[in-house]
Ligand code: AMP
Ligand code: ZN
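In UniProt numbering, the protein residues as written are 1 to 136.
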């Protein structure tokens, strides 16, 4: 695993900082968020230090969604969001990749989302589609 001595989540993985651990494997670690948006709000982190999703090898990501399912079921969450922020402007605060599982029990608790949808522009979408397909 790749680790950063200064990183708070690397310290949690090592046990140098305590956490309310919910799940651990050789590739990932899951624990309760210390400032939850709702009951059961939990974080899943790869055991590989990287700031953004694009920095993490695929093998450290394979278990993330299966574990998000386990966490949602354990919290009896029927409505919930899985969220992963990349970059300060995208609301990332801790610079070690983490996936939130945030139960949404009602309108006020859990995640609130702004969704500034743009008007549909078929010509732009077609051009973008061609560009992205050529790069994937
Ligand atoms: P983000 O804005 O996506 O970077 O979210 C960072 C999350 O990490 C926040 O929801 C914090 O409450 C949570 N967090 C920060 N420090 C800790 C910690 N020591 N234990 C558990 N959760 C933490
Ligand atoms: Zn780290």
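Ideal Cβ placement from N, Cα and C applies to all residues, glycine included. Small disclaimer: the values here were computed from a predicted structure and weren't measured.
For residue i, list the residues DSSP reports as bridge partners.
i           : result
residue 130 : DSSP output for residue 130 lists no bridge partner at all.
residue 82  : 101
residue 24  : 29
residue 42  : 32, 101
Is the closest heavy atom of the ligand ZN to the C-beta of residue i under 6 angstroms?
i          : result
residue 48 : no
residue 31 : no
Pop quiz: residue i and residue j are said to be a contact at Cβ under 8 angstroms. What is the actual Cβ separation, rounded to whole angstroms?
i          : j           : result
residue 39 : residue 116 : With 8 angstroms as the limit, residue 39 and residue 116 do not qualify as a contact, their Cβ atoms being about 29 angstroms apart.
residue 17 : residue 8   : 6 angstroms
residue 97 : residue 51  : 7 angstroms
residue 42 : residue 55  : The pair is not a contact, with the Cβ atoms about 22 angstroms apart (cut-off 8 angstroms).
Residue i: beta carbon under 6 angstroms from a heavy atom of the ligand AMP?
i           : result
residue 129 : no
residue 139 : Past the boundaries of the shown model lies residue 139; the chain is included only from 1 to 136, so the question cannot be answered.
For residue i, would you say it is in contact with chain D, using Cβ-to-Cβ distances shorter than 7 angstroms as the test?
i           : result
residue 110 : The question asks about chain D, but that chain is absent: this structure has only one protein chain.
Task: Given 8 angstroms, three or more beta-carbon pairs between the segment 91-109 and the segment 118-134 - done: Fewer than three Cβ pairs drawn from the segment 91-109 and the segment 118-134 lie within less than 8 angstroms of each other, which leaves the two stretches out of contact.
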